[in-house]
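Enquirer: Numbering (my numbering), first residue to last: 1 to 441.
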């Protein structure tokens with residue numbers, strides 16, 4: 001791909017490139033160009049986004065400023081306590097092992113809060129039902145006909161049998177189920193696209209030996225201070241079904257989740273390998289998508305994150321491979337099996353969501369050749385301006401990224417960089433340095 005000069009002017013463009021008539025400019029149609037951006041017009045017409053009320057920040061300003069001082073005081077107190085006693089690498093490893101033992105106990109209460117959605121009907125957009133728009137929907141689950149249910153159960157049993165003794169692919173993962181030449185792999189689950197009575201179903205299997213990856217992933221996240229963990233197998237299905245943004249299909253198989261398949265491109269592929277992928281015909285616009293087009297998608301994701309945070313919900317691991325975009329340009333955040341530890345506050349969780357998203361997105365764009373390290377600050381500024389000026393969350397972002405890596409964290413950094421699609425250590429350090437100064441940019 002030919003590298004473009006990155007300019008902040010991309011925010012004035014609309015979403016025309018992801019619509020059927022994207023190749024027609026206003027000049028070709030004989031219309032006079034409008035001063036107002038097309039993106040603004042598109043926002044007014046899109047139903048899936050509930051943009052934040054800007055007056056909310058003003059109304060809560062006094063409360064945020066009161067909380068800001070106490071957060072900084074607590075942070076400084078913790079920093080002083082840690083500085084009094086320097087741990088050796090051996091002591092740090094022992095302490096890490098002790099914390100891992102406590103994760104299971106802490107997880108029980110946390111998961112109960114996150115997944116108790118049985119009695120609360122979710123508001124779900126029609127497009128998320130895929131090939132099942134007319135099926136019965138009860139207790140937040142799609143109910144199949146008897147014939148469809150028998151057909152699906154047979155296919156699920158075969159998948160479970162095939163996956164029973166499969167070892168996790170620790171380094172590269174197992175290819176995700178997709179209808180194009182994806183570069184991405186699953187680690188803690190195996191996925192398939194099954195067909196039931198002519199309708200496509202996405203099947204997710206938390207196979208028995210995935211516990212190996214879950215343990216390693218949990219250790220890395222704990223050491224790196226991400227404060228997030230993958231739920232264990234015995235709690236996985238309840239958590240996944242309770243938090244999924246795509247409606248699930250009711251099934252009786254243990255540790256297997258089924259949902260309508262939505263024709264899509266994974267954003268991990270789109271941001272990093274758009275030149276290589278060959279998407280379905282309905283997603284042809286995704287092929288060779290330029291930087292402007294990708295940044296419009298980044299803005300949509302930020303809107304989704306803001307909408308979620310306004311509802312006091314936090315995700316856990318918002319990285320580009322955990323998101324998809326459908327043929328109409330609708331962004332869906334997936335992979336709901338990651339939860340924050342119970343002792344993390346809501347503002348800290350939101351700051352961690354934004355930190356992980358920023359690192360992962362910029363890492364993928366840099367790896368694709370669309371940008372270089374001179375563009376990092378511009379993109380971070382764009383993300384946080386789009387999100388809104390929340391001083392409390394910005395203070396948390398700054399404090400999280402100010403922390404220097406210790407010896408054990410440096411050992412695990414290779415794995416962390418792979419997750420975030422960041423190719424070079426120096427880019428990781430530079431991005432964290434920019435985020436630590438978020439209040440100054």
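Backbone N, C-alpha and C fix where the C-beta goes; we use that ideal spot for every residue, glycine too.
Since the structure is predicted, the reported quantities are computational estimates derived from the model, not experimental observations.
If we ignore side chains and look at the alpha-carbon of each, how far apart do residue 306 and residue 151 end up?
Expert: What you label residue 306 is simply residue 306 of the chain shown in a count that begins at 1. What you label residue 151 is simply residue 151 of the chain shown in a count that begins at 1. Those two C-alpha atoms are separated by around 40 angstroms.
Enquirer: Report the residue from 273, 351, 300 whose alpha carbon sits nearest the alpha carbon of residue 226.
Expert: One-based indexing of the chain shown puts residue 226 at position 226. When only C-alpha atoms are compared, the closest one is 351.
Enquirer: Just to confirm, are residue 267 and residue 308 a CB contact at a threshold of 8 angstroms?
Expert: On the chain shown, residue 267 is found 267 positions in, with the first residue counted as 1. On the chain shown, residue 308 is found 308 positions in, with the first residue counted as 1. Contact: no.
Enquirer: Residue 145: buried (16+ other C-beta within 10 angstroms of its C-beta) or exposed?
Expert: Your numbering for residue 145 matches position 145 in the chain shown. Per the 10 Å Cβ criterion, exposed.
Enquirer: Look at the alpha carbon of residue 165 and the alpha carbon of residue 209, and state the distance between them as a whole number of angstroms.
Expert: Sequence index remark: in the chain shown, residue 165 carries index 165 (1-based). Sequence index remark: in the chain shown, residue 209 carries index 209 (1-based). If I take the Cα positions, the gap works out to 7 angstroms.
Enquirer: I'd like the span of the beta strand (DSSP E) that includes residue 192, first residue to last.
Expert: Here residue 192 refers to the residue found at position 192 when the chain shown is read from its first residue. 190-196 is the span of the beta strand (DSSP E), which, as asked, contains residue 192.
Enquirer: I'd like the list of long-range same chain contacts for residue 361, defined as Cβ closer than 7 angstroms, with 5 residues on each side in sequence excluded.
Expert: Against the chain shown, residue 361 aligns to sequence position 361. Taken in chain order, the residues that qualify are 271, 298, 320.
Enquirer: According to DSSP, is residue 248 part of a helix, a strand, or is it coil?
Expert: Here residue 248 corresponds to residue number 248 of the chain shown, with the count starting at 1. Residue state, collapsed to three classes: strand.
Enquirer: Please report the distance separating the alpha-carbon of residue 163 from that of residue 190.
Expert: Numbered from its first residue, the chain shown carries residue 163 at position 163. Numbered from its first residue, the chain shown carries residue 190 at position 190. Cα to Cα, the separation comes out at about 8 angstroms.
Enquirer: Take residue 177 as the anchor and find which of 167, 303, 157, 200 has the nearest alpha-carbon.
Expert: As a working mapping, residue 177 is identified with position 177 in the chain shown. Measuring from the Cα of residue 177, the nearest candidate turns out to be 200.
Enquirer: When you compare each of 235, 408, 367, 303 to residue 382 by their alpha carbons, which one comes out closest?
Expert: If you number the chain shown from 1, residue 382 lands on position 382. It is 303.
Enquirer: Which same chain residues, not among the five before or five after residue 422, have their C-beta less than 7 angstroms away from its C-beta?
Expert: Residue 422 sits at position 422 when you count from the first residue of the chain shown. For residue 422, where only same-chain residues beyond five positions count, the Cβ hits under 7 angstroms are 359, 363, 428.
Enquirer: Whose C-alpha, out of 205, 193, 294, 219, is nearest the C-alpha of residue 233?
Expert: Translated into positions along the chain shown, residue 233 becomes position 233. Among 205, 193, 294, 219, the Cα nearest to that of residue 233 belongs to 205.
Enquirer: Is the distance from the Cβ of residue 257 to the Cβ of residue 241 below 8 angstroms?
Expert: Translated into the one-based positions of the chain shown, residue 257 becomes position 257. Translated into the one-based positions of the chain shown, residue 241 becomes position 241. Yes, they are a contact pair.
Enquirer: Only counting runs of 3 or more residues, tell me where the beta strand (DSSP E) segments fall wholly within the stretch 300-380, in order along the chain.
Expert: 323-326, 331-333, 338-340
Enquirer: Could you name the residues of the same chain whose beta carbon sits closer than 7 angstroms to that of residue 203, not counting the 5 residues immediately before and after it, in chain order?
Expert: As a first step, residue 203 must be located in the chain shown, where it is residue number 203. Here the set comprises 156, 159, 191, 192, 194, 256, 258.
Enquirer: What does a CB cutoff of less than 8 angstroms around residue 169 pick up in its chain, not counting 5 residues either side in sequence?
Expert: On the chain shown, position 169 is the one that residue 169 refers to. Closer than 8 angstroms at Cβ, skipping near neighbours: 185, 187.
Enquirer: Taking the C-alpha atoms as reference points, what is the distance between residue 378 and residue 384?
Expert: To locate residue 378, count along the chain shown from 1; it is residue 378. To locate residue 384, count along the chain shown from 1; it is residue 384. Each residue's alpha carbon lies about 10 angstroms from the other.
Enquirer: Considering only C-alpha positions, which residue in the set 338, 398, 175, 182 is nearest to residue 275?
Expert: In the chain shown, residue 275 corresponds to position 275, counting from 1. Nearest of 338, 398, 175, 182 to residue 275, Cα basis: 182.
Enquirer: I'd like the span of the beta strand (DSSP E) that includes residue 238, first residue to last.
Expert: Stepping through the chain shown from its first residue, residue 238 is reached at position 238. Where residue 238 is concerned, there is no enclosing beta strand (DSSP E), although the alpha helix (DSSP H) it sits in stretches over 233-243.
Enquirer: Leaving out five residues before and five after residue 86 in sequence, what residues of the same chain have Cβ atoms less than 6 angstroms from its Cβ?
Expert: As a first step, residue 86 must be located in the chain shown, where it is residue number 86. A caution first: residue 86 carries a pLDDT of 49, below 50, which makes its placement in the model unreliable, though a value can still be read off. Cβ neighbours of residue 86 beyond the five flanking positions: none.
Enquirer: To the nearest angstrom, how far is the alpha carbon of residue 136 from that of residue 231?
Expert: Counting from 1 along the chain shown, the entry for residue 136 is found at position 136. Counting from 1 along the chain shown, the entry for residue 231 is found at position 231. Distance between the alpha carbons of residue 136 and residue 231 is about 29 angstroms.
Enquirer: Which of the three DSSP states, helix, strand or coil, is assigned to residue 230?
Expert: Within the chain shown, the letter at position 230 stands for residue 230. It is a strand residue.
Enquirer: For residue 293, which of helix, strand or coil comes out of DSSP?
Expert: Numbered from 1 along the chain shown, position 293 holds the residue referred to as residue 293. Here residue 293 sits in helix by DSSP.
Enquirer: Assuming the contact rule is C-beta atoms closer than 8 angstroms, residue 349 and residue 314 should be a hit. Round their C-beta distance to whole Å, please.
Expert: Taking the first residue of the chain shown as position 1, residue 349 is located at position 349. Taking the first residue of the chain shown as position 1, residue 314 is located at position 314. Contact flag correct, Cβ pair sits at about 4 angstroms.
Enquirer: Please work out which residues of its chain come closer than 6 angstroms, Cβ to Cβ, to residue 336, disregarding the five sequence neighbours upstream and downstream, and give them in chain order.
Expert: For the purposes of this step, residue 336 is taken as residue 336 along the chain shown, with counting starting at 1. Within the same chain, residue 336 has close Cβ partners 240, 243, 244.
Enquirer: Got a sec, what are the start and stop residues for the alpha helix (DSSP H) residue 161 sits in?
Expert: For this step, residue 161 is matched to residue 161 along the chain shown. Its alpha helix (DSSP H) spans residues 146-163.
Enquirer: Alpha carbon to alpha carbon, how far is residue 436 from residue 290?
Expert: For the purposes of this step, residue 436 is taken as residue 436 along the chain shown, with counting starting at 1. For the purposes of this step, residue 290 is taken as residue 290 along the chain shown, with counting starting at 1. Their Cα atoms are separated by approximately 29 angstroms.
Enquirer: Identify which residue in 400, 388, 371 has its Cα closest to the Cα of residue 345.
Expert: In the chain shown, counting from the first residue as 1, residue 345 sits at position 345. If we check each option's Cα against that of residue 345, 400 comes out closest.
Enquirer: For residue 142, name the three-state secondary structure that DSSP assigns.
Expert: Indexing the chain shown from 1 puts residue 142 at position 142. In this structure, residue 142 counts as strand in the three-state DSSP scheme.
Enquirer: Using CA atoms only, rank isn't needed, just tell me which of 354, 296, 312, 365 is closest to residue 331.
Expert: As a first step, residue 331 must be located in the chain shown, where it is residue number 331. Nearest C-alpha to residue 331: 296.
Enquirer: Could you pull the DSSP bridge partners for residue 264 from this structure?
Expert: Counting from 1 along the chain shown, the entry for residue 264 is found at position 264. Its beta-bridge partners are 326.
Enquirer: At which residues does the beta strand (DSSP E) containing residue 412 begin and terminate?
Expert: For the purposes of this step, residue 412 is taken as the residue at position 412 of the chain shown. Not the beta strand (DSSP E): residue 412 falls in the alpha helix (DSSP H), residues 407-420.
Enquirer: With residue 200 as the anchor, note down where its beta strand (DSSP E) starts and where it stops.
Expert: As a position in the chain shown, residue 200 is number 200, starting the count at 1. 199-205 is the extent of the beta strand (DSSP E) around residue 200.
Enquirer: Over the uninterrupted alpha helix (DSSP H) stretch that includes residue 393, give me the two end residues.
Expert: For the purposes of this step, residue 393 is taken as residue 393 along the chain shown, with counting starting at 1. That run of the alpha helix (DSSP H) goes 391-402.
Enquirer: Spell out the partners DSSP gives residue 137 in its beta bridges.
Expert: Residue 137 sits at position 137 when you count from the first residue of the chain shown. In the DSSP output, where bridge partners are listed per residue, residue 137 has 142.
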